[in-house]
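A.B. asks:
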Amino acid sequence: MFCLAKVKFDLRNPDELYFAQREIDSLLSTKTKFVKTIATLVNKKPFNLLDEEVIHLITRLVYMGEGQGFLAEIPLKEIVSIAKKVTFFREIYVIFEVENNPELLKESLGKMGIILRSEQLKNGKIDPNPYTQIFLKNLSEKNKLVTVRFLPFQTLFEYATEVKKLPAVVFRPQNSVNWIGYFKEKEAGVEKGIKELLEHIKTGHYRSPHFGLGKNHIGDFVDWASTDLRKPFLHYLHKYKGKGDPRISRALINLLDVKEGDTILDPFVGSGAFIADAPTMGLNAIGIEVLEIGKMIAEVKCNLRIDIQGLRDSIIKLFEIIDGALFKQDIKDELIKIKEKIKKGTGNSKAYENITQHLAKIIFLKKEIDNINNGEIKKFLLILLSQKIVEYSEKSRRWDIINSFKFYVEDRYLTLFATKKMAEILNVDLNRGKITIIKGDSTNMSIIKGNSIDGMVTSPPYFDALDYIGNNKVSILILGLDEDLSWGSTKAFYEGKHRDETKYETLPLFASDKYFSIQLPPSSLNLIKLLQASRRVYKSKVVENYLKMMKLSFEECYRVLRDNKFYLMVISKYHKWIINDRERMIETSAILGDLGKSVGFKIAGIIEHGLSKADKGKIGVEDILIFQK
DNA sequence: GGTGTCTGTAACTGCCACCT
DNA sequence: AGGTGGCAGTTACAGACACC
């Protein structure tokens, strides 16, 4: 019995391919074979026995990258669960021969999790559900060749958001007289698009890529390789520095060896990218985040359970208020106050200039959103407004922020609507997995019981690298999350002055008695010494504090994780720092590996890859450290 | 007061992927 | 094929502060 998994992305880097292979290996619990060119398989058994239609489906839309797929010989098993999990694969084909006996065929398919009635088992094509196709062919009087084609759920969720690009959804509905009619027409467009999508994928009729207005069929979007498949669910909802690539978040969870109902933890959750997919995989997740803005984004991004009816009603109500609003001058004092606050708080004159002309409208929108009773819906809309504030403070934009906000709200609502519709069709229970975001710091996770977590994924802050609040400053001030500003960057958070005893109340982590007696491993101490010797005193202090905090965090992670379970950490392989006028490669991944080992973790493996940053910034190579308790 | 040290902010590089 | 956006950073510079 053969299983062919066809790669979805153009993974040109061998490391990335290895990552994909690792994922499918661990899910199939077998070793798979790399396939460079899928077309060459066609000459070999059992592929040479397949009908043209199946060959067409297998060979269509393959990438011209390093590799096009992976092949494995597997025993009969619950393969449907694999379709629910994989990240990197466009389609999965299972091919096997079976005796020409309906009962035996039924049994074999049953073992894979496909339940069919005898009268359904006619030769030709069977569609038992939206993500499975079965092709039956008589090889001889005795034998049948069975091909089962699975469409991974992740792929279908990614495609679902593409239906928003169809004309029926893009253009303003002609018939609607009010907002309810407007949204209903758009929703109908999404539903029609999803239906068309599922049909299209099954027929395999190729739509050639072209640009511009010619696009009016879903195939024009999903068959075209440059379609951005990294934005399913509510990923990319809000700008956040250090956001992980959604592609790896699901892949990492697949490497954790967890099952439905388990609980995973991200101790440095940030804006939530690494756990946002958990509910669609039937997992519970806990995220720990120290910044309020990160926590808020994560809460919205990870909340696929949100009451969508209520959300639409609130949006319509808000839009009606916006339409009838007259801007009065009675907020003058408030406006002056907030202007002053932004000027002082950001110290960024450009952002100040850019945003002040829109401030009255922003305050108006914020007030109206604050009036909404439902906390989840309020937070959802506040985060969308925050994203607009960030955009408008970065660039000098003249067009109306209210219109821009309305379009954005509509877009995100329809994304959510499409996701929920697709989940309904695929019978995925979005309410099953629960995500909790806790404001706190991972050096003290006393709220979490020991040995209670089934797996952990994270991308920790990288030494002193990043200002996490960066462009979000103006929005943080307007939303009133002021405390974020004082420790929003790794640099500020880990700098020496926070060890000042007078500041213990504001930063409890440094109050820990443990802090002063922490022993660091030699690789950490060497880095600190190197920095001290090069007169970079400030940086050496920051790095020392960072490493000590990371050690405390490792200890906590070790405590909460179950025995033998995994902790995956995505970290840059090295940093290029200029020390004594010379560029030095600091092996940051090795240093953190040693730190993990010093609290008792084993290193079960290291996967090198270049995927994590969507558009590859300074960090060229990332390591995934696989710690095991 | 001179000198060195520390700290925060704005301005900036060059490359790469994406888009049309 | 050319334009554009953006980067898990660095450097220059100015001002604050520490110490003699």
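In the working numbering, the protein residues as written are 674 to 1302. For glycine and all other residues, C-beta sits at the position ideal for the given N, C-alpha and C. Given the structure is predicted, the values throughout are model-derived calculations rather than measurements.
1. Skipping 5 residues on each side, what residues in its chain have a beta carbon closer than 8 Å to that of Ser1125?
2. Measure how close the beta-carbons of Asn616 and Glu858 come, nearest whole angstrom, since I'm counting them as under 8 Å.
3. Which of the three DSSP states, helix, strand or coil, is assigned to Asn802?
4. Can you name the start and end residues of the alpha helix (DSSP H) that Phe769 belongs to?
5. Using 10 angstroms around the beta-carbon of Glu1178, count the other beta-carbons present and answer buried if the total reaches 16, otherwise exposed.
6. Can you name, in chain order, every residue of its own chain whose Cβ lies under 6 Å from the Cβ of Tyr691, other than the five neighbours on each side?
7. When you compare only the Cα positions, how much space is there between Leu1198 and Lys914?
8. So, at 6 Å on beta carbons, what are the nonlocal neighbours of Asp1288 in its own chain, with the 5 sequence-adjacent residues on each side left out?
9. Measure the beta-carbon distance from Leu1154 to Glu965 and round it to whole angstroms, keeping in mind my assumption that it falls under 8 Å.
10. Considering Cα atoms alone, identify which of Leu722, Gln827, Val963 is closest to Asn811.
11. Would you mind stating whether Met785 and Val753 have Cβ atoms separated by less than 8 Å?
12. Is the distance from the Cβ of Tyr1065 to the Cβ of Ile1028 below 8 Å?
13. Measure the alpha-carbon distance for Tyr1231 versus Ile1062 and round it to whole angstroms.
14. So Val653 and Val767 are in contact, right, with Cβ under 8 Å, and what is the actual spacing, rounded?
15. Nearest CA to the CA of Ile765: which residue from Glu792, Pro801, Thr713, Thr828?
16. Apart from the five residues just before and just after Lys1112, which ones in its own chain have a Cβ nearer than 6 Å to its Cβ?
17. Going by the CB atoms, is the gap between Ala924 and Pro825 shorter than 8 Å?
18. With a threshold of 16 other CB atoms inside 10 Å of the CB of Thr876, please say whether the residue is buried or exposed.
19. Less than 8 Å between the CB atoms is what I'm expecting for His911 and Ser1059, so what's the real figure, rounded?
20. Do you know offhand how far Trp1072's Cα is from Gln1030's?
21. Could you compute how far the alpha carbon of Gly917 sits from the alpha carbon of Ser944?
22. Which residue wins for smallest C-alpha separation from Tyr1303, given the options Phe1037, Glu1281, Ile1297, Lys1221?
23. Whose CA, out of Leu1225, Thr703, Ile1009, lies closest to the CA of Pro748?
24. Give me the Cα-Cα distance between Glu814 and Asn773, rounded to the nearest whole angstrom.
25. Given this structure, state the Cα-to-Cα distance separating Lys1144 from Met1242, to the nearest angstrom.
26. At a cut of 8 Å, does the segment 1095-1108 reach the segment 828-844 through at least three beta carbon pairs?
27. Count the other CB atoms, across all protein chains shown, that sit within 10 Å of the CB of Thr710; report buried if there are 16 or more and exposed otherwise.
28. Quick check: what's the CA-CA separation for Tyr1135 versus Asp683?
29. In chain order, what residues of the same chain have a beta carbon less than 8 Å from the beta carbon of Leu1089, not counting five sequence neighbours either side?
30. If I measure Cβ to Cβ from Arg1257 and keep anything under 6 Å in the same chain, skipping five residues before and after, which residues do I get?
31. Around the C-beta of Pro905, are 16 or more other C-beta atoms found within 10 angstroms, so that it is buried, or is it exposed?
32. Excluding sequence positions up to five away, which residues of its chain have a Cβ less than 7 Å from the Cβ of Glu1228?
33. Let me know the secondary structure DSSP gives Met674 once reduced to three states.
34. Compute the distance between the beta-carbons of Leu1057 and Arg1085, then report whether it is under 8 Å.
35. Note the first and the last residue of the continuous beta strand (DSSP E) segment covering Leu744.
36. Have a look at Ile1120, Phe720, Ile994, Gly1128 and flag the residue whose alpha-carbon is nearest the alpha-carbon of Leu818.
C.D. replies: Walking through what the data contain:
1. For the purposes of this step, residue 1125 is taken as residue 452 along the first sequence, with counting starting at 1. Closer than 8 Å at Cβ, skipping near neighbours: Thr936, Val1233, Arg1235.
2. In the structure as shown, the chain begins at 674 and stops at 1302. Residue 616 is therefore absent and cannot be evaluated.
3. One-based indexing of the first sequence puts residue 802 at position 129. Reduced to three states, the DSSP call for Asn802 is strand.
4. If you number the first sequence from 1, residue 769 lands on position 96. From DSSP, Phe769 is part of no alpha helix (DSSP H) but of the beta strand (DSSP E) over 762-772.
5. On the first sequence, residue 1178 is found 505 positions in, with the first residue counted as 1. Only weak support is given to the placement of Glu1178: the predicted model assigns it a pLDDT of 43, under 50, and the question is left unresolved by the model.
6. Indexing the first sequence from 1 puts residue 691 at position 18. Correct list: empty, nothing qualifies.
7. For the purposes of this step, residue 1198 is taken as the residue at position 525 of the first sequence. For the purposes of this step, residue 914 is taken as the residue at position 241 of the first sequence. Their Cα atoms are separated by approximately 28 Å.
8. For the purposes of this step, residue 1288 is taken as the residue at position 615 of the first sequence. Because Asp1288 carries a pLDDT of 44, less than 50, the predicted location of this residue cannot be relied on, and no value is offered for it.
9. Taking the first residue of the first sequence as 1, we reach residue 1154 at position 481. Taking the first residue of the first sequence as 1, we reach residue 965 at position 292. The beta-carbon separation of Leu1154 and Glu965, rounded to 4 Å, stays under the 8 Å limit for a contact.
10. Counted from its first residue, the first sequence places residue 811 at position 138. It is Leu722 whose Cα lies nearest to the Cα of Asn811.
11. Working through the first sequence from its first residue, we reach residue 785 at position 112. Working through the first sequence from its first residue, we reach residue 753 at position 80. Going by C-beta atoms, Met785 is nearer than 8 Å to Val753.
12. For this step, residue 1065 is matched to residue 392 along the first sequence. For this step, residue 1028 is matched to residue 355 along the first sequence. It is a contact, given that the beta carbons lie within the stated cut-off.
13. In the first sequence, counting from the first residue as 1, residue 1231 sits at position 558. In the first sequence, counting from the first residue as 1, residue 1062 sits at position 389. Cα atoms of Tyr1231 and Ile1062: separation of roughly 40 Å, rounded to the nearest angstrom.
14. Residue 653 is absent from the structure shown; the chain starts at 674 and stops at 1302.
15. Within the first sequence, the letter at position 92 stands for residue 765. Cα-wise, what sits closest to Ile765 is Thr828.
16. The residue you call residue 1112 lines up with position 439 of the first sequence. Counting only Cβ-Cβ distances below 6 Å, and skipping sequence neighbours, we find Lys968.
17. Here residue 825 refers to the residue found at position 152 when the first sequence is read from its first residue. Here residue 924 refers to the residue found at position 251 when the first sequence is read from its first residue. Pro825 places its beta carbon 8 Å or farther from that of Ala924.
18. Taking the first sequence and counting its residues from 1, the one referred to as residue 876 is at position 203. Of the other Cβ atoms in all chains shown, fewer than 16 fall within 10 Å of the Cβ of Thr876; this residue is therefore exposed.
19. Mapped onto the first sequence, residue 911 falls at position 238. Mapped onto the first sequence, residue 1059 falls at position 386. With 8 Å as the limit, His911 and Ser1059 qualify as a contact, their Cβ atoms being about 6 Å apart.
20. Walking along the first sequence from the start, residue 1072 turns up at place 399. Walking along the first sequence from the start, residue 1030 turns up at place 357. As the crow flies, the alpha-carbon of Trp1072 is around 11 Å from that of Gln1030.
21. Reading the first sequence from its first residue, position 244 is the one you call residue 917. Reading the first sequence from its first residue, position 271 is the one you call residue 944. When rounded, the distance between both Cα atoms is 9 Å.
22. Only positions 674 to 1302 of the chain appear in the structure, and residue 1303 is not among them; the question remains open.
23. Position 75 of the first sequence, counted from the first residue, corresponds to residue 748. Nearest of Leu1225, Thr703, Ile1009 to Pro748, Cα basis: Thr703.
24. Within the first sequence, residue 814 is the residue found at index 141, counting from 1. Within the first sequence, residue 773 is the residue found at index 100, counting from 1. A direct Cα-Cα distance of roughly 7 Å separates Glu814 from Asn773.
25. Residue 1144 sits at position 471 when you count from the first residue of the first sequence. Residue 1242 sits at position 569 when you count from the first residue of the first sequence. It should be pointed out that residue 1144 corresponds to Asn in this sequence rather than to Lys. Rounded to the nearest angstrom, the gap between the Cα atoms of Asn1144 and Met1242 is 26 Å.
26. Contact holds between the segment 1095-1108 and the segment 828-844, because three or more Cβ pairs, one in each stretch, are under 8 Å apart.
27. As a first step, residue 710 is located in the first sequence; it is residue number 37 there, counting from the start. Here Thr710 is exposed, its C-beta having fewer than 16 other C-beta atoms within 10 Å.
28. Here residue 1135 is taken as the residue at index 462 of the first sequence, counted from 1. Here residue 683 is taken as the residue at index 10 of the first sequence, counted from 1. Their backbone Cα atoms lie some 28 Å apart in a straight line.
29. Within the first sequence, the letter at position 416 stands for residue 1089. In the same chain as Leu1089, and ignoring 5 residues on each side of it, the C-beta atoms closer than 8 Å to its own belong to Leu907, Leu977, Ile979, Ile981, Leu984, in chain order.
30. Within the first sequence, residue 1257 is the residue found at index 584, counting from 1. The beta carbon of Arg1257 is closer than 6 Å to those of Trp1250 in its chain, skipping five residues each way along the sequence.
31. Walking along the first sequence from the start, residue 905 turns up at place 232. The residue in question, Pro905, is buried, as its Cβ has 16 or more Cβ neighbours within 10 Å.
32. Within the first sequence, the letter at position 555 stands for residue 1228. Contacts found: Val1272.
33. Against the first sequence, residue 674 aligns to sequence position 1. Under the three-state reduction of DSSP output, Met674 falls in the coil class, being neither helix nor strand.
34. Along the first sequence, one-based indexing puts residue 1057 at 384. Along the first sequence, one-based indexing puts residue 1085 at 412. Yes, the pair counts as a contact, with Cβ atoms nearer than the cut-off.
35. Start at 1 with the first residue of the first sequence, and residue 744 comes out as number 71. Element bounds for Leu744: 742-746.
36. For the purposes of this step, residue 818 is taken as residue 145 along the first sequence, with counting starting at 1. Ranking the options by Cα distance to Leu818, first place goes to Phe720.
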